[in-house]
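Worksheet for the structure shown next.
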Amino acid sequence: MTALLAPGAVTQFAVLDALLAGVYSQGASVNAVRASGDTGVGCCEGLGGEVVILDGELYECTSDGPPRVMTDDESLPFVDVCSLGEATASAVVDLDLPGLESAVEDRLLSRNLFHAVRVDGVLAHVLTRVTRRQEPPLRPLAEVAAEQIETTTRECAGTLVGFWMPRIYQGITVAGLHLHFLSDDRSVGGHVLDARVREGGLRMSAFADFRLRLPHDGRFLSTELTHDDDHRIVTVESRGISSSTS
């Protein structure tokens, strides 16, 4: 089933190229994020983990313990959020991550629109990553991601959530499919590096409205951002170095 055009917008705080440049000292509050939607992905303050937004709750996924619900006064230096709406689920069975991306792209309303993606089901396996919190001086995202913590979880019920973004917005955001994961028992979560969906329901909504909110702290205002090499984004989105298994 092709995604339907949804009312509202995808709201984003900051730009990916700012993280790549080590510019992430200011963030959007949990309150502000929740007011902008019920579904999304982001990262924790100081890049200290990954954020999953499901059904209006924000979950912080770190290396320090299981995911937890974030409090109103916490902030996110980067986030994409929307209201998913009443998208109808279509069945997906035995799909690896490239297969899931193909299934998503088959259902796009247009490759020029923004699409929220959610899959609820059982995963044969999912490889997630989190990063450790940084303290000033803040390092570029690629350096932080090189030390990411990876966890492989097998035969796990949970939710994949994220966005498919048009190619022309690479650097502003992550072009293509970008997913985070949260298990139903809230024991594990993070940015998805690899996965195989045993069976699940895929829901998608398309958005023609994209709202960008930029930081206005001194470091952001004084750092000229450029988008030179897509390989920097591919590097931080792909599999890293260290790993653990649960």
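At position 211 of the sequence shown the residue is numbered 211 (the UniProt record's numbering), and the sequence of numbers has no breaks. Note that CB positions come from ideal geometry on N, CA and C, so glycine has one too.
Under the three-state reduction of DSSP output, A35 falls in the helix class. Taken atom to atom, the span from the alpha-carbon of P7 to that of P140 is near 35 Å. Excluding its 5 nearest sequence neighbours in each direction, V30 has C-beta neighbours in its own chain below 8 Å: L58, M70, T71, D72, D73, E74, S75 and L76, listed in chain order.
Taken through DSSP and simplified to helix, strand or coil, R219 comes out as helix. Beta-carbon to beta-carbon, T11 and V81 are separated by about 5 Å, close enough to satisfy the 8 Å threshold.
Annotation: the continuous beta strand (DSSP E) that includes E199 extends over G189 to F207.
In the structure shown, P66 falls within a strand segment according to DSSP collapsed to helix, strand and coil. In this structure, DSSP gives S90 an extended state, which the three-state scheme calls strand. Under the three-state reduction of DSSP output, S29 falls in the strand class.
The three-state secondary structure of A157, taken from DSSP, is strand. Here the C-alpha atom of A9 lies approximately 8 Å from the C-alpha atom of S83. Taken in chain order, the unbroken stretches of alpha helix (DSSP H) that lie wholly in the region 96–133 and span 4 residues or more are 97–106. DSSP places L225 outside any beta strand (DSSP E), giving it a letter other than H or E. Assigned with DSSP and collapsed to three states, V41 falls in strand.
In the structure shown, the three-state DSSP call for D184 is coil.
Residue environment: R129 is assigned as buried (16 or more neighbouring CB atoms within 10 Å of its CB, all protein chains considered). As a beta-bridge residue in DSSP terms, E57 pairs with L54.
For L100, the closest alpha carbon among the candidates G218, E237 and V161 is that of V161. Judged by beta-carbon spacing, V92 lies beyond the 9 Å limit of L179, meaning their Cβ atoms are not closer than that value. Around the CB of V122, fewer than 16 other CB atoms lie within 10 Å, so the residue is classed as exposed. Across the structure, T153 and L202 are spaced so that their CA atoms are roughly 20 Å apart.
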